[in-house]
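Start counting the sequence shown at 710; every next residue gets the next number (this note's numbering). Glycine is no exception: its CB is placed at the ideal position from the N, C-alpha and C atoms. Take a look at the structure set out below.
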Amino acid sequence: MMRIENLTAQYQTITGPVVSVKDVNFQIKDDEIFGIAGESGCGKSTLLKVLYDVTRYPLEIKSGRVVLDYTDRTGKQRSLQSGEISKAWWDAISYVPQAAMSVLNPVYRIDEQFYELFRRHRAGEGEKVMRERVVQYLNELDLPVDVLKAYPHELSGGMRQRVVIAMATFLQPGMIFADEPTTALDVVVQKSILMMLMELQSRMKNTLVIVSHDMGVHYQITKRMGIMYSGSLVELGPTDDIFANPLHPYTQMLIGALPKVGDRTTREGISGGPPSLRNPPPGCRFAPRCKKARPECTQSVPEFVEVAPGRFAACHLLNR
Ligand code: SF4
710 MMRIENLTAQ
720 YQTITGPVVS
730 VKDVNFQIKD
740 DEIFGIAGES
750 GCGKSTLLKV
760 LYDVTRYPLE
770 IKSGRVVLDY
780 TDRTGKQRSL
790 QSGEISKAWW
800 DAISYVPQAA
810 MSVLNPVYRI
820 DEQFYELFRR
830 HRAGEGEKVM
840 RERVVQYLNE
850 LDLPVDVLKA
860 YPHELSGGMR
870 QRVVIAMATF
880 LQPGMIFADE
890 PTTALDVVVQ
900 KSILMMLMEL
910 QSRMKNTLVI
920 VSHDMGVHYQ
930 ITKRMGIMYS
940 GSLVELGPTD
950 DIFANPLHPY
960 TQMLIGALPK
970 VGDRTTREGI
980 SGGPPSLRNP
990 PPGCRFAPRC
1000 KKARPECTQS
1010 VPEFVEVAPG
1020 RFAACHLLNR
């Protein structure tokens, strides 16, 4: 389980700090598919970096913390905080990035990249076991073993992404983060990648955290989700409930903009864009785009509160 407690993170810039994640509180549970949604520029990827403990200058945690509780390979309970979580990379927590080419080394064949991972984290289990385990795992995932002898550039974008997912899950981590895992892939490949992630999660009973701007991805795959706007969570709850009854005006607009099969009416987009994080508007940051905004919305920041069991939202309209 991962606990995110009062987390605020910022980038240091030459003109001063820019807060990109603000007062974020939530938990990611064991054995669930959790989604983080929101437009580009809402802080999703920055939040993911902090959760995955790649907080490097100019990004820094200003306040709060992230705590990862997990059981290691020997069955021992462990608890790591921000700054320590990287010790559990690959074994307990792993990451599928947006662009597969950015993690695959272009000058090594795929087999060597699997072997490197194995040697670093399973030293002592022997080369023969290593080779057998890699082939066995690709077979389990229905991936052709021929990919092992290929260089990354010889594979299609979809196959590269499958290989990266296979590497990220090879050591059976308890938690996997996937950052826009279907971006830049065609819809058929997107579906197969999502199916692969769902099957793996179902088989391993681990936790999958999907970050995507695509609400359709969340609808198809996640069980709980959080909606981010301008660095903060504005809504959180079971995905089905959120789609059936979105509470926050931003979520309502995101869902209202989705195309629906058979519905020929014009979808209404959300005008404008997220505010600058360098100079955000006062009060509720969504107020300049919110059709339901009232005078108090620009005067005070709405609290992120539990408005129904398991349902959280930050909007003044819900506190009446
Ligand atoms: Fe809209 Fe006000 Fe709610 Fe913000 S607090 S989402 S401006 S109604």
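| Asked | Found |
| --- | --- |
| Collapsed DSSP secondary structure at Gln-736 in the structure displayed | strand |
| Best match in Thr-722, Ser-803 and Gln-736 for proximity to Lys-758 [C-alpha to C-alpha] | Ser-803 |
| Cβ-based burial, Leu-967 [other Cβ within 10 Å; buried from 16] | exposed |
| Continuous beta strand (DSSP E) stretch holding Lys-771: start and end | 768-780 |
| Where Ser-941 falls: helix, strand or coil (DSSP) | strand |
| Where the alpha helix (DSSP H) through Asp-820 begins and ends | 819-830 |
| Gly-935, buried or exposed, once every other Cβ within 10 Å from all chains shown has been counted against 16 | buried |
| Bridge partners - Leu-789, DSSP secondary structure assignment | Leu-777 |
| Beta carbon of Leu-956 nearer than 7 Å to that of Ala-1002 | no |
| Reduced DSSP secondary structure (H/G/I, E/B, other) of Ser-803 | strand |
| Run of the beta strand (DSSP E) containing Met-884, from where it starts to where it stops | 884-888 |
| Inter-residue Cα distance where the pair is Ser-985 and Thr-783 | 47 Å |
| Lys-1001 Cβ short of 6 Å to the ligand SF4 heavy atom set | yes |
| Cβ contact check for the segment 995-1015 and the segment 924-934: 3 or more pairs under 8 Å | no |
| Continuous beta strand (DSSP E) stretch holding Leu-917: start and end | 916-920 |
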